[in-house]
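Numbering-wise (the working numbering), the sequence shown opens with residue 7 and increments by one. Working notes for the structure below.
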Amino acid sequence: MKRAAAVLACAALAVLAAEPPKPPAKPPPAEAKKDRTFSGVVVAGKVAQPGAEIGFGWTWTLDADAFGTTEPIVTDAKGQFEKVLPWKGERTVFVADKAHKLGCGVEFKEGDIAKPVTLRLIPLVRVRAKVTTKDPQFLTDGVRIEVRLEGAGRIGSATTTETGLAILVPPGEYKLRFASEGWQPREVRFVVPPGKPEFAAPPVDLAPSLLASRKGEVMPEWRIVDAIGLAKDAKLASFRGRWVLLWFWRHGCPSCRGWGIPNLVKFEERHPAWRDRLQIVAFHNKDAKSAADLQDQLAKQGGLEWDPLTLAFPIVIDIPEPSTIEEWGPGVFPSVALLDGEGRLRTTGTLEEVEKWLAQELAEPK
7 MKRAAAVLAC AALAVLAAEP PKPPAKPPPA EAKKDRTFSG VVVAGKVAQP
57 GAEIGFGWTW TLDADAFGTT EPIVTDAKGQ FEKVLPWKGE RTVFVADKAH
107 KLGCGVEFKE GDIAKPVTLR LIPLVRVRAK VTTKDPQFLT DGVRIEVRLE
157 GAGRIGSATT TETGLAILVP PGEYKLRFAS EGWQPREVRF VVPPGKPEFA
207 APPVDLAPSL LASRKGEVMP EWRIVDAIGL AKDAKLASFR GRWVLLWFWR
257 HGCPSCRGWG IPNLVKFEER HPAWRDRLQI VAFHNKDAKS AADLQDQLAK
307 QGGLEWDPLT LAFPIVIDIP EPSTIEEWGP GVFPSVALLD GEGRLRTTGT
357 LEEVEKWLAQ ELAEPK
């Protein structure tokens with residue numbers, strides 16, 4: 007059913023090669039992407055579509071009033087395309103005609119593109135939904151949304167306005183993830199039926215994140231499944247009397263792995279005088295099941311210049327449900343929250359912003 011959802015959203019038929027064999031349970035770390043030729047033709051019915059735009063999910067904006075892609079593969083006069091790309095595993099593409107009236111989204115496995123593919127466009131539907139919150143202090147415009155095919159990957163992103171959500175997508179099954187700084191993440195699912203130019207999706211109610219709504223208040227106890235450098239049942243409250251810098255991250259975030267943790271290491275090394283008064287904790291999200299799983303995932307990514315077992319600060323791992331990080335709502339990774347010695351939330355932001363803040367709070371008296 008889930009693979010069928012991807013086909014429904016893009017009546018796309020390709021001459022597909024047999025699926026590649028499943029990878030071993032523990033594939034070699036950091037397997038490089040290989041260049042693949044992605045080629046084929048874009049049609050609507052039997053009519054080739056010159057000037058059609060093909061892009062991967064992270065490049066598309068699906069807002070009805072700002073629809074487009076930043077890195078398109080554009081079809082030629084015959085509606086054909088060919089592009090050599092680094093490709094590994096599954097990738098989701100979205101396609102629209104030149105006039106942005108027709109479109110489709112489809113997920114391809116590496117073996118699917120062994121031969122040219124045919125992408126069949128169907129009419130786009132204008133999907134509208136009201137986005138509200140019960141807290142009158144917060145406005146729901148500017149919330150970022152990931153738009154995914156049900157059972158497949160992201161086909162694009164969108165942003166709420168004062169009037170709610172308005173996106174252009176083809177008929178099909180969708181999962182929308184509302185995830186933005188200041189809000190608790192929310193996932194909604196709906197089916198866009200064919201045959202109508204507009205569709206009213208159910209309203210979406212969002213809850214402000216604790217990091218946005220509880221400045222100056224004592225934060226609730228965290229919930230963790232495992233830890234590195236701490237007992238797996240360690241409590242946030244055990245750090246009372248010291249400032250706590252919580253650095254939120256996930257192993258699937260290249261910025262977190264590449265420069266985030268190294269910068270956190272340098273931060274700790276720059277301030278030896280703060281060590282008795284400040285506890286750094288790298289708070290990983292629920293994408294890892296345990297400390298061992300996190301180490302395996304990091305090993306698969308490869309290229310790390312640091313070892314999670316030898317860091318000067320502990321790592322804690324969020325539980326799946328109810329997720330502490332989703333409730334607290336940093337919105338982006340990496341991100342920082344700073345608690346004082348009484349467990350009150352004092353500030354949030356980037357590591358650099360919090361470092362400047364701490365320089366004043368922890369300055370030695372002259």
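Note that beta-carbon positions come from the ideal geometry of N, C-alpha and C, so glycine has one too. Only a predicted model underlies this, so the values are computations on that prediction, with no experimental measurement involved.
For residue i, the three-state DSSP class (helix, strand or coil)
i	result
A297	helix
I267	helix
L212	strand
P34	Here the model assigns P34 a pLDDT of 44, short of 50, so the residue's position is not dependable, and the following value carries that caveat. P34 falls in the coil class under three-state DSSP.
V338	coil
C110	strand
T67	strand
L236	coil
K6	Because the chain is modelled from 7 through 372, residue 6 falls outside the range shown and cannot be assessed.
F205	strand
R256	coil
F273	helix
K292	coil
K306	helix
DSSP beta-bridge partners of residue i
i	result
I230	D324
W249	L284
I60	I79, V101
S45	E88
L345	V250, L351
F73	For F73, which the question treats as bridged, DSSP gives no partner whatsoever.
A50	V53
F196	Y180
K40	W93
Nearest-angstrom beta carbon gap, residue j and residue i [assumed within contact, 8 Å]
i	j	result
P320	L236	4 Å
V210	A135	6 Å
V133	L125	About 21 Å; that fails the 8 Å criterion.
T81	A105	With a Cβ gap of about 13 Å, T81 and A105 do not count as contacting.
P176	C110	5 Å
F245	Q285	5 Å
Exposed unless 16 or more other CB atoms sit within 10 angstroms - verdict on residue i
i	result
A207	buried
T356	exposed
V338	exposed
A288	buried
P35	Residue placement at P35 is poorly supported in this model, since its pLDDT is 46, which falls under 50; the coordinates are not used for a value here.
Q143	exposed
R276	exposed
P326	exposed
Pick out the complete beta strand (DSSP E) segments inside the stretch 121 to 193, 3 residues or longer, and give them in chain order.
123 to 126, 131 to 135, 137 to 139, 150 to 155, 160 to 165, 171 to 175, 178 to 184
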